[in-house]
Structures are given as structure tokens and as C-alpha cells.
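Q:
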Amino acid sequence: MSSQSPHFLLAGGGTAGHVNPLLATAKKLQDLGGRVSVLGAHEGLENELVPAAGLPLRAIDRVSAPRKLNKQALTFPARLQTVVSQTKKIVDELQPDVIVGFGGYVSAPAYLVGRQNQLPVVIHEQNARPGVANKLGALWAQTVAVTFPGTPLKAKRGRACTTGLPLREEIEEFALADRAVRQERQTQARAQFGLDPHVPTVVITGGSLGAQRINESVAAAASEITAHAQVLHLTGKGKSAAVEDALSKVELDHPWVVREYCHDMVSAYAAADLVICRAGAGTVAELSALGLPAVYVPLAIGNGEQHRNAASHVDSGGAALIANSDFDAATAGETICGIIANPHRLESMRQESAKLGGSNASEEFAKLCMEAAGKGA
């Protein structure tokens, strides 16, 4: 183990929901004097976001665990062994002091190699319902941290704690800004996106990959929505054409700005009075920290974690939740207009959301990683 500057290999990737907490932790580890490398997959948003953050990225093949007995299940052991071998080669070359995993496809082989090489393993589980990779790693991890207090994941032999979700530095800074600064930033952000600074604004996003159900439903309700608000719609990559085609066939009272993806989500959030979105842990944590009202439309596949992720924000009265199967044009229009056209309800939701705000999870989790490297205070 390095006597001066501990080296951390951070494993995670796929979507912004996994990459962003990884990047937030990486920044804090560097601030604390650590060195950071990132393990990702050959495909995935990490190939864009990690190099953009100035971090070295090493990639392995993506192998997902089968959910049922089929041909893929029969070949899984061999494919897993391949990525474990790829990962071991990288670990042996980089010689990290600690493996830090955020779940997803690349974390499982990282945990397995960490165990083989007798390296400390530190895990962060962002979702209310833990994934398979983190359940595996928790069997021998030194530390397991979770976003939500009720998440059923503990380190079998190590330390377990609740830190919240590591948020990007710019999100944390904006969350702590006073009302005057946020109002000024709102005016600037709306101008940045070509929106009217004085018109109530709805931001619609399905994350980096987009959400077709949300896109179709809100576009079909566009006339109703724009009678009360303007819209910034982040459709997801490759999904803007269908939305723009639907919008071209209706009359809009206020602007509806369409973009596939936004690298500056702080500005998108700053522009918003209300956000329509999925309920990934990253999104929920960011909106809660920022005190933004939301309408969550949880993704209906996976472990069912998105519904659980949104629970505390919804229970607080700061957000609404609509099942994906129920989110059609009529429901979208009725729900969005029922909030955005009612200033008293919108302000009440904002106030309740604000009570959830504030987070230093990235620093807290980074300190746990430093402690695993023997560099804690």
C-alpha cells in the first residue's frame, strides 16, 4: 500500500445515474490527496464523462447476470470468467490500494478481483433496493454505504452506514445557494435555453437514455401543458425526432425547447419550477437536495427500485408519483397542469422538497474510502 498517496480504482458505469456519483466521489478523493483510476465498460456513458472529467479510464467487456435459465445463462460462467481475467490484468497493472464499487456490470468482477488480491473493497449502493453486484460484494466488503436509510444491504463482516448519494460538486453548491442567488441563476438559465424568464417552466427528462413513455405522453398533451407553462424537454439520445414531429402538429402557447441531452443539468434544474422524470436514485437525490418539486414516473423494470427511491420525496408532499402504465397523455396533462397552474400547490411542494435538501454525501463517502486505505483521520 502506498505510504503517501493512496490509489483508488472506482468501478461503475452504464448510465449517468451510476457515473455521476462515481465522479463526485473521485473529485473528493482527489481533494483529500488520493489518486483515482476508473474501471468501466467498453460501451456506456463513462466513455464520455470520465475522460471529460480528466480521469483515466480502463474498460472491460460488459456481462450481465441472467435473470432466467436460458442459453445466456449457460454461457454466463465463461463470460464472467473472461471479464474477471480482464479486470485482474488491469488491477495487477494499476496496483490500487482500494476497490470502490458503485454497482452495475463492471463492479462484480472488480469485487471478485479485489477479494482475490486481498484488497479492501468499499461499496456504495445508490438505490433503495440493492442490485446483484453489490449484494455479492457486500459478502466480503470492508465498508458498505447506502443512499437511503431503509436499504436492505449490510456488509456481512464489515461496516455499514448511510451517507446519502454523492452528488456532483456543482449540484451541492447550487443546493446550498440562497434564494436570491437561485432566482438570478434561474433567469440566466432560462435565457440560456431560449426560454422566457417570467413564464413557469417544466423540465422533462428521462435521463441520458430518455424515456419513450414520458416523451410520447407529454408531447401528446403539449397544447394543454403550454397553456400554463413553457417546457425544456430532454428527450434522450436519438429520441428527439419523434417528439419534434408530434409538436409540429399542434399549436403551442409557450415555448417547448427540445434537446436530446444536456451536459449542464445544473442549469436545466435552475430553469425549472417542476421536473417530470424517472426515479433513478441520482435524480431523486439531486431533486431532493435542490428542493425541486417533481412528478416521478418510475421505470417499471429492473428490481422495482425506482418506486422505492422516490418514496421519501413523495411522502414529504414535495413530489407526485404516477405508475409508468398510467402515464398517458390525459394523466400527464392533468397532473402537470394541476401543479404548474396552481401557484399555492407548487409553492407548497417546493417548501416540502426544500426540507429534504442539503448533502455532503460525496465527502462523507470519500472519507470512508480513505479510511479503507488506512488514511482516515
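Everything in the sequence shown is counted per the working numbering, starting at 1 for the first residue and increasing by one. We put the beta carbon where it would ideally sit given N, CA and C, even for glycine.
(1) In the DSSP assignment, the alpha helix (DSSP H) including ARG179 goes from what residue to what residue?
(2) What ranges does the beta strand (DSSP E) occupy inside the region 135-184, keeping only unbroken runs of at least 3 residues that lie completely in it?
(3) I want to know whether the region 266-278 touches the region 182-200 - three or more CB-CB distances under 8 angstroms.
(4) Less than 8 angstroms between the CB atoms is what I'm expecting for CYS277 and ALA294, so what's the real figure, rounded?
(5) If you reduce the DSSP assignment to three classes, tell me which class GLN351 lands in.
(6) What are the complete alpha helix (DSSP H) segments, minimum 4 residues, inside the region 290-332?
(7) Output needed for GLU371: all residues of its chain with C-beta closer than 7 angstroms, excluding positions within five of it in sequence on either side, in chain order.
(8) Can you grab the Cα-Cα spacing for the pair MET1 / LEU299, in whole Å?
(9) Of all the options LEU368, GLU364 and ASN360, which has the alpha carbon lying nearest to the alpha carbon of ILE171?
(10) Could you spell out where the alpha helix (DSSP H) holding CYS369 opens and where it closes?
(11) When you compare each of VAL218, GLY104, ASN134 and GLN126 to ASP61 by their alpha carbons, which one comes out closest?
(12) Terminal residues of the continuous beta strand (DSSP E) containing HIS124?
(13) Compare the C-alpha of PRO77 against each of THR87, LYS88, SER64 and LYS89 and name the closest.
(14) Identify every residue that forms a DSSP beta bridge with ARG278.
(15) Distance check for LEU287 and VAL314, CA to CA, integer angstroms please.
(16) Taking 8 angstroms as the threshold, find out whether the region 10-17 comes into contact with the region 90-108 through three or more Cβ pairs.
(17) Which two residues bound the contiguous alpha helix (DSSP H) that contains ARG115?
(18) Could you tell me which residues DSSP pairs with SER397 in its beta bridges?
(19) With H, G and I counted as helix, E and B as strand and the rest as coil, what does DSSP make of LEU55?
(20) Pull up the distance between the alpha-carbon of ALA377 and that of LYS27, whole angstroms please.
(21) Can you say whether ALA175 is buried or exposed, counting buried as having 16 or more other CB atoms within 10 angstroms of its CB?
(22) With distances taken between CB atoms, is the gap from THR379 to GLY137 smaller than 9 angstroms?
(23) In terms of residues, what are the limits of the beta strand (DSSP E) holding VAL258?
(24) Would the beta-carbon of VAL83 fall within 9 angstroms of that of PRO109?
(25) Below 8 angstroms on the Cβ atoms is my contact criterion, and I expect VAL106 with GLY210 to pass it. Report the Cβ-Cβ distance as a whole number of Å.
(26) Could you give the distance in angstroms between the alpha-carbon of GLY150 and the alpha-carbon of ALA373?
(27) Taking the beta strand (DSSP E) that GLN95 belongs to, which residues open and close that run?
(28) Would the region 141-149 and the region 249-263 be scored as touching if the rule is three or more Cβ pairs under 8 angstroms?
(29) Cβ of ALA279 within 9 angstroms of Cβ of LEU321?
(30) What does the Cβ neighbour count give for PRO51, buried or exposed, with the cut at 16 atoms within 10 Å?
(31) Are there 16 or more other CB atoms within 10 angstroms of the CB of ILE301, so buried, or fewer, so exposed?
(32) Would you identify the three-state DSSP class for VAL243, choosing helix, strand or coil?
(33) Terminal residues of the continuous alpha helix (DSSP H) containing HIS18?
(34) Assuming ASP281 contacts ASN324 (C-beta within less than 8 angstroms), just tell me the rounded distance between them.
(35) Nearest CA to the CA of VAL146: which residue from GLY317, GLU125 and PRO130?
(36) Is PRO298 close to the ligand NAD? I mean its beta-carbon at under 8 angstroms from any heavy atom of the ligand.
A: In brief:
(1) 179-192
(2) 143-146 and 159-162
(3) yes
(4) 6 angstroms
(5) helix
(6) 305-309 and 311-315
(7) none
(8) With a pLDDT of 49 at MET1, under the threshold of 50, the modelled position of this residue cannot be trusted, and the question is left open.
(9) ASN360
(10) 361-372
(11) GLY104
(12) 121-125
(13) SER64
(14) Note: ARG278 sits in no beta bridge, so no partner.
(15) 12 angstroms
(16) yes
(17) 107-116
(18) Since the first residue shown for the chain is 1 and the last is 377, residue 397 is missing from the structure and cannot be characterised.
(19) coil
(20) Annotation note: pLDDT 45 at ALA377 (below 50); position unreliable, no value reported.
(21) buried
(22) Given that the chain is displayed from residue 1 to residue 377, the structure contains no residue 379 and the question cannot be resolved.
(23) 256-259
(24) yes
(25) Between GLY210 and VAL106 the Cβ distance is about 23 angstroms, and since that is not below 8 angstroms, they are no contact.
(26) 27 angstroms
(27) Careful: GLN95 lies outside any beta strand (DSSP E) and carries neither H nor E.
(28) no
(29) yes
(30) exposed
(31) exposed
(32) helix
(33) 16-31
(34) Sequence inspection shows Ala at residue 281; the Asp mentioned does not correspond to that position. With a Cβ gap of about 17 angstroms, ALA281 and ASN324 do not count as contacting.
(35) GLU125
(36) Absent from the structure shown: the ligand NAD. Ligands present: none.
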